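Chemist:
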Amino acid sequence: MKNNKTYKVILHIFWLLVFLYIIIQHAFVWMYFDDYGYASITYLGNQFNPNGGTNFSIVELVSFLKYHYYNWGGRVVGFFFEIICLKHSIWFMRIVQSIIVFAMILCGTKSVCIRLKKNELLVGIVFTGMYLLLGLSTLNWGVYWFTASVLYVWSVGFWVVGIFFHIRYENNNTIGNYISYLLFISLAAIIHEQTSVAVIMYVVAVEILNILEGKKSLLCFLNLSVPTVCGLICILAPGNFVRSVGYEDFNSMTVYEKAMHNLPTILHMNFDDSYAMTLIYMIVFVLFVLNVSKYVNNSRKTIFILFYVMIDIAFFLTRNGFLLTKYQLIIEIVWAITFSCNILVYYYIEKHKYFFAMYLGGLLSQGMLLVAPQLNYRVRIIFAIVLIVISTDIITTTVENSWGIYSIIAPITILLIGIILSSRVTYGYYLNNSINIYNDNQLRIASREIQEGTNIEKIVLKKLFDDRYACVMPYQEGFEGGQVWMKYYYEIPQNIVIEWQ
Numbered sequence: 002m003k004n005n006k007t008y009k010v011i012l013h014i015f016w017l018l019v020f021l022y023i024i025i026q027h028a029f030v031w032m033y034f035d036d037y038g039y040a041s042i043t044y045l046g047n048q049f050n051p052n053g054g055t056n057f058s059i060v061e062l063v064s065f066l067k068y069h070y071y072n073w074g075g076r077v078v079g080f081f082f083e084i085i086c087l088k089h090s091i092w093f094m095r096i097v098q099s100i101i102v103f104a105m106i107l108c109g110t111k112s113v114c115i116r117l118k119k120n121e122l123l124v125g126i127v128f129t130g131m132y133l134l135l136g137l138s139t140l141n142w143g144v145y146w147f148t149a150s151v152l153y154v155w156s157v158g159f160w161v162v163g164i165f166f167h168i169r170y171e172n173n174n175t176i177g178n179y180i181s182y183l184l185f186i187s188l189a190a191i192i193h194e195q196t197s198v199a200v201i202m203y204v205v206a207v208e209i210l211n212i213l214e215g216k217k218s219l220l221c222f223l224n225l226s227v228p229t230v231c232g233l234i235c236i237l238a239p240g241n242f243v244r245s246v247g248y249e250d251f252n253s254m255t256v257y258e259k260a261m262h263n264l265p266t267i268l269h270m271n272f273d274d275s276y277a278m279t280l281i282y283m284i285v286f287v288l289f290v291l292n293v294s295k296y297v298n299n300s301r302k303t304i305f306i307l308f309y310v311m312i313d314i315a316f317f318l319t320r321n322g323f324l325l326t327k328y329q330l331i332i333e334i335v336w337a338i339t340f341s342c343n344i345l346v347y348y349y350i351e352k353h354k355y356f357f358a359m360y361l362g363g364l365l366s367q368g369m370l371l372v373a374p375q376l377n378y379r380v381r382i383i384f385a386i387v388l389i390v391i392s393t394d395i396i397t398t399t400v401e402n403s404w405g406i407y408s409i410i411a412p413i414t415i416l417l418i419g420i421i422l423s424s425r426v427t428y429g430y431y432l433n434n435s436i437n438i439y440n441d442n443q444l445r446i447a448s449r450e451i452q453e454g455t456n457i458e459k460i461v462l463k464k465l466f467d468d469r470y471a472c473v474m475p476y477q478e479g480f481e482g483g484q485v486w487m488k489y490y491y492e493i494p495q496n497i498v499i500e501w502q
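Residue numbers (this note's numbering): 2 to 502.
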């Protein structure tokens, strides 16, 4: 079937529908909170754009990013992309992000297919379904908040695309594949510290495995140096150290105290945001054990499988409150360690160095959070995408080889659940869309009238129908400061009152 025209038509239609669905998801996403500050380059003050708005010059933009790099943080490449996109229009931003998300899903799918020449449609269905299972907290704090998404979603998207070209280069040594790999992997490294360390771990692990396999490459130096330098540019930005001074209480802790303080939160974020996805991880855990068990001595295979199945059951019982909560952290740690060990052992034995290295990088992106002063759901995005790639690979390897009719039913079930859950989120953003359109129009009208000389003392805006389908809003406690950036963006004087009803 893979080679006939009908299959190709079905495959193209599937990918077209996936892209359209991603566009629809983003169609109701608006600017929130600090999006306004970056879009108007007033996030760190209005010295680079005193009048606000988006009619600033490239010189003013570069000056803002330079100040940001030296005084706030090194994530300036991602913010450059965001500012350029939002300077054009909100729809331009939506489309660009939709393309990046689609490219990530497509290239992740093809990366899974290349090694064992899998059915792309089957793999695409599983990968897309897994992506659509991302939970609401991950979506509204990461994917559907542009200032966060350009850092987390775009960086891991570039990484996945880069890995695809890396795998492709091994099978087809063209200069185009290599340049594409190096470009995307370096972009991923320079955008955010988490992908910086993940990518550096990835390239180092791949090169070590190449040496162990007896493969020597004249490009080894470039493979290691370019992404590493890009990553260090982001990690070692002076602004990162300036900003870290503000976390006095956290900085006073020892490394061990920081790790013990953050570990429960890290596990909570990775396990609790999407029950359906966590359940699939548990199934994948068993599938990995079954796949690894074929390398275990037959006399010990039953004990080997039972041991890990018991760990999985204990994890399930703990997650659902059937075991005492005082054991929860221990069981989660044991489960996470055994899950990761099985993945690494499996890919090492299977000689799949790219996914082995990718998972190591993903682990490091979470491990570094043990000493991070601030945590929220968006920090799990990078590892979540890595897990989607790995889970898709093991699920499709298992079902394609031995499940018969279930090789179709299982992937479609994952996709349908993903569509149902993601549609609920999209519908929530859709309900808020009319309010966002109204507020945007009111602010633009007020801005125009003010510039024409009309005296305006107050602007009345509406609160959203459901605050869950937005990251944060200026009328919420603790986030009132977002109105400052909003006024700069719409070129409204700061003394004018915004009333939310």
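Even for Gly, the Cβ is constructed at its ideal location relative to N, Cα and C. In this text, all values refer to a predicted model and were calculated from it rather than measured experimentally.
For residue 228, count neighbouring C-beta atoms within 10 Å of its own C-beta (all shown protein chains included) and say buried if the count is 16 or more, exposed if not.
Modeler: buried
Chemist: May I ask you to report which of helix, strand or coil DSSP gives residue 500?
Modeler: strand
Chemist: Just checking residue 50 against the ligand ATP - is the residue's beta carbon closer than 6 Å to any of the ligand's heavy atoms?
Modeler: In the structure shown, the ligand ATP is absent, as is every other ligand, since no ligand is present at all.
Chemist: For the beta strand (DSSP E) containing residue 459, list its first residue and its last residue.
Modeler: 459-462
Chemist: Smallest Cα separation from residue 344: which of 390, 20 and 314?
Modeler: 390
Chemist: Taking 8 Å as the threshold, find out whether the stretch 176-193 comes into contact with the stretch 208-219 through three or more Cβ pairs.
Modeler: no
Chemist: Leaving aside the five residues before and after residue 477 along the sequence, list all residues of the same chain whose C-beta is less than 8 Å from its C-beta, in chain order.
Modeler: 468
Chemist: Does the stretch 442-453 come close enough to the stretch 152-160 to have 3 or more Cβ pairs within less than 8 Å?
Modeler: no
Chemist: Put residue 467 into one of helix, strand or coil per three-state DSSP.
Modeler: coil
Chemist: Distance check for residue 99 and residue 27, CA to CA, integer angstroms please.
Modeler: About 7 Å.
Chemist: Can you tell which of 70, 106, 29 and 196 has the C-alpha that lies nearest to the C-alpha of residue 394?
Modeler: 106
Chemist: As an exercise, report each continuous alpha helix (DSSP H) stretch of at least 4 residues that is fully enclosed by the stretch 218-279, in chain order.
Modeler: Here the runs fully enclosed are 221-236, 239-245, 249-252 and 256-273.
Chemist: Check whether the Cβ atoms of residue 197 and residue 232 sit closer than 7 Å, and answer yes or no.
Modeler: yes
Chemist: Would you grab the beta carbon distance between residue 42 and residue 49 for me? Rounded to a whole angstrom, and I think it's under 8 Å.
Modeler: 5 Å
Chemist: Which word fits residue 303, buried or exposed, when buried means at least 16 other C-beta atoms lie within 10 angstroms of its C-beta?
Modeler: exposed
Chemist: Residue 438 and residue 462: beta carbons closer than 7 Å?
Modeler: No. Outside cutoff.
Chemist: Is there contact between the stretch 363-375 and the stretch 190-204, where contact requires at least three CB pairs shorter than 8 Å?
Modeler: yes
Chemist: Going by other Cβ atoms of all chains shown within 10 Å of its Cβ, with 16 needed for buried, is residue 76 buried or exposed?
Modeler: buried
Chemist: Using a Cβ-Cβ cutoff of less than 8 Å, which residues in the same chain neighbour residue 263 once the five nearest sequence positions on both sides are dropped?
Modeler: 370, 371, 372, 373 and 376
Chemist: How far does the alpha helix (DSSP H) with residue 99 in it reach, from first residue to last?
Modeler: 91-117
Chemist: Short check: CB of residue 368 to CB of residue 133, under 7 Å?
Modeler: no
Chemist: Use the C-beta contact count for residue 465: other C-beta atoms within 10 angstroms, 16 or more gives buried, fewer gives exposed.
Modeler: buried
Chemist: Determine the DSSP secondary structure at residue 1, reduced to helix, strand or coil.
Modeler: The shown model of the chain, from 2 to 502, leaves out residue 1, and the question about it has no answer.
Chemist: Out of 9, 436 and 78, point me to the one whose CA is closest to residue 190's CA.
Modeler: 78
Chemist: With distances taken between CB atoms, is the gap from residue 91 to residue 39 smaller than 7 Å?
Modeler: no
Chemist: For residue 194 and residue 168, which I take to be in contact (beta-carbon distance under 8 Å), what is that distance rounded to the nearest angstrom?
Modeler: Not quite, the Cβ-Cβ distance comes to about 25 Å (not below 8 Å), so this is no contact.
Chemist: Looking at the unbroken alpha helix (DSSP H) that takes in residue 26, where does it start and where does it end?
Modeler: 6-28
Chemist: Does DSSP put residue 36 in a helix, in a strand, or in coil?
Modeler: It is helical.
Chemist: Do you know whose CA, among 176, 150 and 210, lies nearest residue 353's CA?
Modeler: 210
Chemist: For the stretch 46-83, list the alpha helix (DSSP H) runs that are entirely contained and at least 4 residues long, ordered along the chain.
Modeler: 59-72
Chemist: Whole angstroms are fine: how far does the CA of residue 225 sit from the CA of residue 184?
Modeler: 13 Å
Chemist: How about residue 109 and residue 379: do their beta carbons lie closer than 7 Å?
Modeler: Cβ distance not < 7 Å, so residue 109 and residue 379 don't count as in contact.
Chemist: Taking the alpha carbon of residue 443 as the reference point, which residue from 139, 487, 67 and 431 has its own alpha carbon closest?
Modeler: Checking every option, the nearest Cα to that of residue 443 belongs to 487.
Chemist: In the DSSP assignment, find the unbroken alpha helix (DSSP H) run with residue 372 in it and report its ends.
Modeler: Where residue 372 is concerned, there is no enclosing alpha helix (DSSP H), given that its DSSP letter is neither H nor E.
Chemist: Within its chain, find whatever has a CB closer than 6 Å to the CB of residue 490; leave out the 5 residues flanking it on each side and keep chain order.
Modeler: 37, 40 and 41
Chemist: Suppose the cutoff is 6 Å on Cβ atoms and the five residues either side in sequence are ignored; what does the same chain contact list for residue 70 look like?
Modeler: 77, 238 and 240
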